[in-house]
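A short write-up of the structure that comes next.
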Amino acid sequence: MKIHFYGRLAESLGRDIEVEVPGGCSIADLRQRLATEYPHAANSLGHRARALVGDVVVADSHFVRPGDSVEFFPPVSGG
Amino acid sequence: MSVETRLETRPFDPSAELAKLIERSSADGAVVSFVGVARPQAKSGEDVKRLVLEHHPRLTLKSLEDIAVEAAERFDVSHVKVVHRCGDIAAGEPIVFAGASSAHRRAAFDAANYLMDRLKTEAVFWKREEGPAGASWIEPTEADYADRGRWE
């Protein structure tokens, strides 16, 4: 599964990573796994970071499958 | 009613944007605009050499369009215009132009105010200040979210 990060998350984790999730997992599971593997980014991976699949924000209960691409957005700010 | 949104990778001239909006608004009685400029100092007082606005390849422009369309629908305005920079922005350069025109002033003021409150908290950018002391990510403050909440 491809994961793409933006903003401070990209700075901490790199722009793209790929993780193996045989059978898939929920977004909540994915957050937990990433926080365990990258403890320095655990805070930034919390609930303030939104997860998107196919350019749509998804809930933590959303189930992602191998082959899906997930994006994580830290809080956004324009102006 | 018209809505115009642009994402600019290069510096833009807010005076020219305002002039075009006024020209387009010849049937209106009011044109209100706001220009956001990259500050030379951070809130901490440190010098800021540049602001970096990272954007999303699809969702950034869509967020500008959604906010501008909702402003146009919500207020009794004739024209709404948002121009937003992305990429590397030197201190002193304009970041955003938000403007609206209407028959009477109140709707144009309200629309411009609404545009900025939503852009601060919902436009899809990730903002980083860079200077001699290092770099720091800038996220919306509680006050920014409270300002956004006024419109709900």
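Chains as they are written, first to last, in our numbering: chain R, 1 to 79; chain H, 1001 to 1152. Where a beta carbon is used, it is the ideal one built from N, C-alpha and C, also for glycine.
Here residue 72 of chain R is not near residue 35 of chain R, since their CB atoms are 8 angstroms or more apart.
Sequence-distant partners of residue 44 of chain R (beyond 5 residues in either direction) whose C-beta falls short of 7 angstroms from its own C-beta, in its chain, are 8, 9, 12 and 74.
For residue 1125 of chain H, a Cβ of chain R is located within less than 8 angstroms of the residue's own Cβ.
Shortest Cα-Cα distance from residue 1029 of chain H to any of H/1045, H/1109, H/1149 and H/1132 involves H/1109. Residue contact check for residue 77 of chain R against chain H: a CB pair falls below 8 angstroms.
Contact note: residue 16 of chain R does not reach chain H at a C-beta cutoff of 7 angstroms; the least C-beta distance is about 13 angstroms.
In this structure, DSSP gives residue 1058 of chain H a state outside helix and strand, which the three-state scheme calls coil.
In the three-state reduction of the DSSP assignment, residue 1109 of chain H falls in the helix class, which pools H, G and I.
A Cβ of chain H is located within less than 8 angstroms of the beta carbon of residue 6 of chain R. Contact of residue 1037 of chain H with chain R by beta-carbon distance below 7 angstroms is absent, the smallest such distance being about 11 angstroms. Remark: fewer than three beta-carbon pairs, one from each stretch, lie closer than 8 angstroms, so the segment 1098-1114 of chain H and the segment 1048-1061 of chain H are not flagged as touching.
For residue 74 of chain R, the C-beta contacts it makes with chain H under 9 angstroms involve 1126, 1137 and 1139, in order along the chain.
Taking C-alpha positions only, residue 67 of chain R is separated from residue 21 of chain R by approximately 9 angstroms.
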